[in-house]
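Engineer:
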Amino acid sequence: MIKLKKNIYFSIAIDGDSASGKTTGSKFIAKHFGFKLLTSGKLYRYVAFRIIKDNKKKLDNKYLKKITKNITFKKLQNNKMMYADDVTTYASSIAKIKFIRKLLNKFQKKFSKNKKFIIEGRDIGSKILPNADLKLFFKCSPAEKAKRRLREYNKEKRKITLQEVKKSLKKRDYSDKNRKESPLLFVKGAVLVDTTNLTIKQMEAKLKKLVREAIQKKYGNL
Ligand code: C5P
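Residue 976 is where the sequence shown starts when you use my numbering, and the numbers rise one by one after that.
See the structure below:
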């Protein structure tokens, strides 16, 4: 970790496809530069998880307000169930609902009061932090993404084939990019980070350089 000048204000918006490396990359930047990190996908996963758990057949605004009002970092942390297949699929489905996005934006806006922070997700550079100091857009080839995700699943001993992983990532990316509300898109000014042919170490080196240069551009030497 490097020590930055105390009084810097710096925001980083990170967007990209599922399994493109953006979560690993965000965690690295946060740790290396001492930034606070919000992985916004967890917000959508939390809502999906609650709806499934509460067995809600019909979504009314009162219920949605109630479950989103008291979201805390603690509630978003270490909940393996939020990464179960049904929750993942449902999260992408409820992410299309404008009212849910509006409710979850409140949490993200509050988080944006931090001095040095990163938000990672799908609509961060476009909607949540349109004035971010640095915008990164992660991508990776479908074949490589599926391989990486399968490796993670194998570690967890989940029974799934490479073809199935590929299909489900493709479906989710399609939905996230083509929905009407806040679709995933590459915004002007964003820096493309293609992780297809990078090892984790190479990706980290690239991110370190990008972030350092962007901070220096705003504040001069670190
Ligand atoms: O990033 P993660 O895969 O955990 O996100 C789960 C789902 O939440 C995504 O597939 C997407 O539909 C939704 N999401 C979103 N906007 C964000 C973050 C996530 O719509 N900013």
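All residues carry an ideal CB built from backbone N, CA and C; glycine is no exception.
Helix, strand or coil for residue 978 per DSSP?
Structural biologist: Here the question's residue 978 lines up with position 3 in the sequence shown. Coil, per DSSP.
Engineer: Would you mind reading off the limits of the beta strand (DSSP E) that contains residue 1012?
Structural biologist: Taking the first residue of the sequence shown as position 1, residue 1012 is located at position 37. From DSSP, the beta strand (DSSP E) with residue 1012 extends over 1011-1014.
Engineer: With a CB to CB cut of under 7 Å and the five nearest residues on each side skipped, what residues in its chain are close to residue 1040?
Structural biologist: Along the sequence shown, one-based indexing puts residue 1040 at 65. So the qualifying residues of the chain are 1078.
Engineer: If you draw a straight line from the C-alpha of residue 1184 to the C-alpha of residue 1153, how long is it?
Structural biologist: Translated into positions along the sequence shown, residue 1184 becomes position 209. Translated into positions along the sequence shown, residue 1153 becomes position 178. Taking the straight line joining both Cα atoms gives about 32 Å.
Engineer: If we cut at 9 Å on Cβ distances, does residue 1140 have a partner in chain B?
Structural biologist: Included in the structure is just one protein chain, with no chain B present.
Engineer: What I want to know is whether the C-beta of residue 1096 ends up closer than 8 Å to one or more non-hydrogen atoms of the ligand C5P.
Structural biologist: For the purposes of this step, residue 1096 is identified with residue 121 of the sequence shown, where counting begins at 1. Yes - the ligand C5P has a heavy atom lying nearer than 8 Å to the Cβ of residue 1096.
Engineer: Following the continuous beta strand (DSSP E) through residue 990, name the residue where it begins and the one where it ends.
Structural biologist: Counting from 1 along the sequence shown, the entry for residue 990 is found at position 15. Here the beta strand (DSSP E) through residue 990 covers 985-991.
Engineer: Count the other CB atoms, across all protein chains shown, that sit within 10 Å of the CB of residue 1043; report buried if there are 16 or more and exposed otherwise.
Structural biologist: Within the sequence shown, residue 1043 is the residue found at index 68, counting from 1. Residue 1043 should be labelled buried.
Engineer: Identify every residue that forms a DSSP beta bridge with residue 1112.
Structural biologist: To locate residue 1112, count along the sequence shown from 1; it is residue 137. According to DSSP, residue 1112 bridges with 990 and 1167.
Engineer: Which two residues bound the contiguous alpha helix (DSSP H) that contains residue 1134?
Structural biologist: Counting from one through the sequence shown, the residue named residue 1134 turns up at place 159. Segment: none, residue 1134 is in no alpha helix (DSSP H) and carries neither H nor E.
Engineer: DSSP beta-bridge partners for residue 1092?
Structural biologist: Counted from its first residue, the sequence shown places residue 1092 at position 117. BP columns for residue 1092 point to 986 and 1011.
Engineer: Measure the C-alpha to C-alpha separation of residue 1083 and residue 1073 and round it to an integer number of angstroms.
Structural biologist: Locating residue 1083 in the sequence shown gives position 108, where the first residue counts as 1. Locating residue 1073 in the sequence shown gives position 98, where the first residue counts as 1. Distance between the alpha carbons of residue 1083 and residue 1073 is about 15 Å.
Engineer: Quick check on residue 1184: does DSSP put it in helix, strand or coil?
Structural biologist: Taking the sequence shown and counting its residues from 1, the one referred to as residue 1184 is at position 209. If DSSP states are grouped into helix, strand and coil, residue 1184 belongs with the helices.
Engineer: Anyone know if the C-beta pair for residue 1137 and residue 1148 falls short of 9 Å?
Structural biologist: In the sequence shown, counting from the first residue as 1, residue 1137 sits at position 162. In the sequence shown, counting from the first residue as 1, residue 1148 sits at position 173. Cβ atoms of residue 1137 and residue 1148: not closer than 9 Å.
Engineer: Helix, strand or coil for residue 1020? Go by DSSP, reduced to three states.
Structural biologist: As a working note, residue 1020 is residue 45 in the sequence shown. Here residue 1020 sits in helix by DSSP.
Engineer: Taking just the CA atoms, how far does residue 1064 sit from residue 1109?
Structural biologist: In the sequence shown, residue 1109 corresponds to position 134, counting from 1. In the sequence shown, residue 1064 corresponds to position 89, counting from 1. If you take the alpha carbons of residue 1109 and residue 1064, they lie about 30 Å apart.
Engineer: As an exercise, report each continuous alpha helix (DSSP H) stretch of at least 4 residues that is fully enclosed by the segment 1035-1107, in chain order.
Structural biologist: If we require 4 residues or more, the alpha helix (DSSP H) runs fully inside the segment 1035-1107 come out as 1036-1044, 1048-1051, 1060-1069 and 1073-1086.
Engineer: Give a yes or no on whether the C-beta atoms belonging to residue 1093 and residue 1004 are separated by under 9 Å.
Structural biologist: Here residue 1093 corresponds to residue number 118 of the sequence shown, with the count starting at 1. Here residue 1004 corresponds to residue number 29 of the sequence shown, with the count starting at 1. Cβ distance < 9 Å, so residue 1093 and residue 1004 count as in contact.
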